[in-house]
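Asks:
2 protein chains.
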Amino acid sequence: MRKRSPKEAGETHALLREAGLRVTDPRVAVVEHLLGQTAPVSHADLCRSLESAGFDRATLYRNLMDLAQVGIVTRTDLGDHVWRFEMKRREGNHVVSHPHFVCSDCGTVSCLPDVAVRIVRGKHAPRSLATKNVAIQITALCDACA
Amino acid sequence: MRKRSPKEAGETHALLREAGLRVTDPRVAVVEHLLGQTAPVSHADLCRSLESAGFDRATLYRNLMDLAQVGIVTRTDLGDHVWRFEMKRREGNHVVSHPHFVCSDCGTVSCLPDVAVRIVRGKHAPRSLATKNVAIQITALCDACA
DNA sequence: TGCACTAATGAGATTGAGTTGCAATAAGGA
DNA sequence: TCCTTATTGCAACTCAATCTCATTAGTGCA
Ligand SMILES: [Mn+2]
Ligand SMILES: [Mn+2]
Ligand SMILES: [Zn+2]
Ligand SMILES: [Zn+2]
């Protein structure tokens, strides 16, 4: 695992405390790991990545759920029946989101931070689609499988 | 269950035979049920709907999988960790698809046949996003929960 | 700095949707 | 009508997700 700077450690500490969560070794490890990822990770992924630290899988599971509960991470199923977790990123004080992509053939998951989606609503579409609070999930063939 | 016309029965029969599947009571019931739905249904939904017919849940399960296998239905997870099945609809001889919607609060699932999605690709987006073979899944608040 | 309170942990047990094995049945072709 | 084998019904199994509970340890406060 990447060594973290004192500044980063302080930020993680503050993040957890502000959410009302205690600062424990497993919890810090989970947050720091998620911060280092560029795609959402599953509980199984996380257990594998932090294996050497010796945390219990139930502990990692509950930390993911707790972090999702307080809104620090998202918990989503990208269409392949696997729960995946990802840090919510902020710009200033509002959360920025991006579409997610899953290859319908090989199953590869990736974030699409540079893809914009314009939704053209029809008569019967939910009104909320006009807002920004919309999560987009795209399934298609990746370049390797196309 | 809705009574089916002789014509509809004949169409279901042909659909199955052309796919290389035998025409059995449970299988016909599954197809006819799916044809009558306006939103994708889960295996549990289907078992409940066809309860009075007394089919075994493994039989219904395998029929859903078989129908997905031969391309008569789709099998997708709309973001809530539930597999759902839906007839593929055709216009002429090509399949038409539509985005799907799940309310992030109440979990309601619905089809958005009248919503168009324009994907604006950035530098690192998969090339396949330029094609039509893309499944779109949207999560937001429904009108009732907003 | 020590104490009390309770959140969090670790190990194990439990749940249930999803899936499979197998013998009996029945659809479809000859 | 008979043969082949896809399909069914039922029970059993799998494994990720979830929970139980005794123990540990983070925090607020004296
Ligand atoms: Mn992402
Ligand atoms: Mn649909
Ligand atoms: Zn792929
Ligand atoms: Zn809703």
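Here the protein sequences line up with chains A and B, keeping their order.
Okay, so the first sequence: first residue is 1 according to the numbering used here, each after it adds one.
Okay, so the second sequence: first residue is 1001 according to the numbering used here, each after it adds one.
The beta-carbon is built from N, C-alpha and C at its ideal position, and this holds for glycine as well.
What does the Cβ neighbour count give for Q69 of chain A, buried or exposed, with the cut at 16 atoms within 10 Å?
Replies: Q69 of chain A comes out exposed.
Asks: According to the neighbour-count rule (16 or more other Cβ atoms, all chains shown, within 10 Å of its Cβ), is V1120 of chain B buried or exposed?
Replies: Exposed is the call here.
Asks: From A:R48, A:I138, A:R127, pick the residue whose C-alpha is nearest to that of A1140 of chain B; which is it?
Replies: Closest option to A1140 of chain B, Cα to Cα, is A:R127.
Asks: Within this structure, are the beta carbons of I138 of chain A and H81 of chain A separated by less than 8 Å?
Replies: No, they are not a contact pair.
Asks: Just to confirm, is the Cβ distance from H1033 of chain B to L1064 of chain B under 8 Å?
Replies: No, Cβ-Cβ distance for H1033 of chain B and L1064 of chain B is not below 8 Å.
Asks: For P40 of chain A, go through chain B and note every residue whose CB falls closer than 8 Å to its CB, in chain order.
Replies: Ordered by position in chain B, no residue passes the 8 Å Cβ test against P40 of chain A, which lies about 12 Å from the chain.
Asks: If we cut at 8 Å on Cβ distances, does S1049 of chain B have a partner in chain A?
Replies: Not closer than 8 Å to any Cβ of chain A, the Cβ of S1049 of chain B fails to qualify, so no.
Asks: Please list, in chain order, all residues of the same chain as Y1061 of chain B whose beta carbon is under 7 Å from its beta carbon, the five residues on each side excluded.
Replies: Taken in chain order, the residues that qualify are H1043.
Asks: At 9 Å on the CB atoms, spell out the chain B contacts of G79 of chain A, in chain order.
Replies: Correct list: T1076, D1077, L1078, G1079, A1135, Q1137.
Asks: Under a CB-based cut-off of 8 Å, is H1013 of chain B close to chain A?
Replies: No, its Cβ sits nowhere closer than 8 Å to a Cβ of chain A.
Asks: Please confirm whether V73 of chain A and E86 of chain A have their CB atoms less than 8 Å apart.
Replies: In this structure, E86 of chain A lies closer than 8 Å to V73 of chain A by Cβ.
Asks: Taking CB distances under 8 Å as the criterion, tell me whether G1071 of chain B reaches chain A.
Replies: By this cut-off, G1071 of chain B is not an interface position.
Asks: Take W1083 of chain B and list the residues in its own chain whose beta-carbon comes closer than 7 Å to its own, dropping the five residues that flank it on each side.
Replies: For W1083 of chain B, where only same-chain residues beyond five positions count, the Cβ hits under 7 Å are S1042, H1043, R1075, D1077.
Asks: When the Cα of K132 of chain A is compared with those of A:P26, A:D114, A:H98, A:G107, which residue comes out closest?
Replies: Out of A:P26, A:D114, A:H98, A:G107, A:H98 has the C-alpha closest to the C-alpha of K132 of chain A.
Asks: Can you give me, in chain order, the residues of the segment 111-130 of chain A that have a beta carbon less than 9 Å from any beta carbon in chain B?
Replies: Correct list: L112, P113, D114, V115, A116, V117, R118, I119, V120, R121, G122, K123, H124, A125, P126, R127, S128, L129.
Asks: Pull up the distance between the alpha-carbon of S1110 of chain B and that of A9 of chain A, whole angstroms please.
Replies: One C-alpha to the other measures close to 43 Å.
Asks: Who sits around ligand 2, taking every residue whose Cβ is closer than 7 Å to one of its heavy atoms?
Replies: Those residues are B:A1039, B:P1040, B:E1086, B:H1098, B:H1100, B:C1111, given in chain order.
Asks: Which residues bound the beta strand (DSSP E) around S1110 of chain B?
Replies: S1110 of chain B -> beta strand (DSSP E) spans 1109-1111.
Asks: So which residues on chain A does A1058 of chain B lean against when the C-beta distance must stay under 8 Å?
Replies: Simply none; closest approach about 19 Å.
Asks: Below 7 Å, is the gap between the Cβ of L78 of chain A and the nearest heavy atom of ligand 3?
Replies: No, since every heavy atom of ligand 3 falls outside the 7 Å radius drawn around the Cβ of L78 of chain A.
Asks: Can you grab the Cα-Cα spacing for the pair G20 of chain A / V28 of chain A, in whole Å?
Replies: About 14 Å.
Asks: Would you kindly report the start and end of the unbroken beta strand (DSSP E) that includes D77 of chain A?
Replies: It spans 73-77 - the beta strand (DSSP E) in which D77 of chain A sits, taken as one unbroken run.
Asks: Rounded to whole angstroms, how far is the Cβ of V1117 of chain B from the Cβ of V117 of chain A, which I believe are closer than 8 Å?
Replies: At roughly 6 Å, the Cβ-Cβ gap stays under 8 Å, so V1117 of chain B and V117 of chain A are in contact.
Asks: If you draw a straight line from the alpha carbon of A125 of chain A to that of A1135 of chain B, how long is it in whole angstroms?
Replies: Roughly 17 Å separates the two Cα atoms.
Asks: Whose C-alpha, out of B:K1088, B:C1047, B:C1142, is nearest the C-alpha of S1104 of chain B?
Replies: Nearest option by C-alpha distance: B:C1142.
Asks: Going along chain B, which residues have a C-beta under 7 Å from D105 of chain A?
Replies: Within 7 Å Cβ-Cβ: nothing; D105 of chain A doesn't reach chain B, min ~10 Å.
Asks: Just the chain B side, please: which residues come within less than 9 Å of F85 of chain A by C-beta, in chain order?
Replies: Those within 9 Å of F85 of chain A in chain B number zero; the least Cβ separation is about 13 Å.
Asks: Comparing the CB of L1141 of chain B with every heavy atom of ligand 4, is any distance shorter than 7 Å?
Replies: Yes.
Asks: Do you know how far the Cα of S1052 of chain B is from the Cα of H1013 of chain B?
Replies: Rounded to the nearest angstrom, the two C-alpha atoms are 22 Å apart.
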